[in-house]
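Q: Got a structure for you, written out below as structure tokens; questions coming shortly.
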Amino acid sequence: MTDRKVKRENVVIGPEGTPLTLADLPKPSTVRWVIRRKAEVVAAVRGGLLTLEAACERYGLSAEEFMSWQRSIESYGIAGLRTTRVQQYR
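Heads up, the sequence shown is in this note's numbering, so the first residue is -4 and it goes up one at a time.
Right, here's the structure in full:
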């Protein structure tokens, strides 16, 4: 009997409820961070697709910046990631 291992790609559920893999994440060269991209990176770290350190290194983020994204989502939902008119969500 042959042992066949099926390689399964890690998948987490993204912010829009769809499956999210490493290939679906924003490119490492991303400069413009829209709400959806921030939420995808937070979902990837929460789901174990990336570690916090790997995400910070991949995207050139500080741990504080990432944690602020995560706190915004926890407190205000995805709308809390907006950079304009923040006062409406606090």
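Think of the CB as a built atom: it goes at the ideal place given N, C-alpha and C, for glycine as much as any other residue.
Out of P10, V6, P14 and K22, which has the shortest C-alpha to C-alpha gap to R53?
A: The shortest Cα separation from R53 among P10, V6, P14 and K22 belongs to K22.
Q: Just to confirm, is the Cβ distance from E35 to G9 under 8 Å?
A: Yes, the pair counts as a contact, with Cβ atoms nearer than the cut-off.
Q: If you scan the stretch 29 to 66 from start to end, which runs of the alpha helix (DSSP H) of 4 or more residues do you find wholly inside it?
A: Complete alpha helix (DSSP H) runs here, min 4: 30 to 41 and 47 to 54.
Q: Which residues does DSSP list as the beta-bridge partners of P14?
A: Answer is I8, bridged to P14.
Q: Whole angstroms is fine: what's the gap from I73's alpha carbon to I30's?
A: Cα to Cα, I73 sits roughly 7 Å from I30.
Q: Distance, Cα to Cα, T78 vs L20?
A: So the two alpha carbons sit approximately 21 Å from each other.
Q: Use the C-beta contact count for A39: other C-beta atoms within 10 angstroms, 16 or more gives buried, fewer gives exposed.
A: When all chains shown are included, A39 counts as buried.
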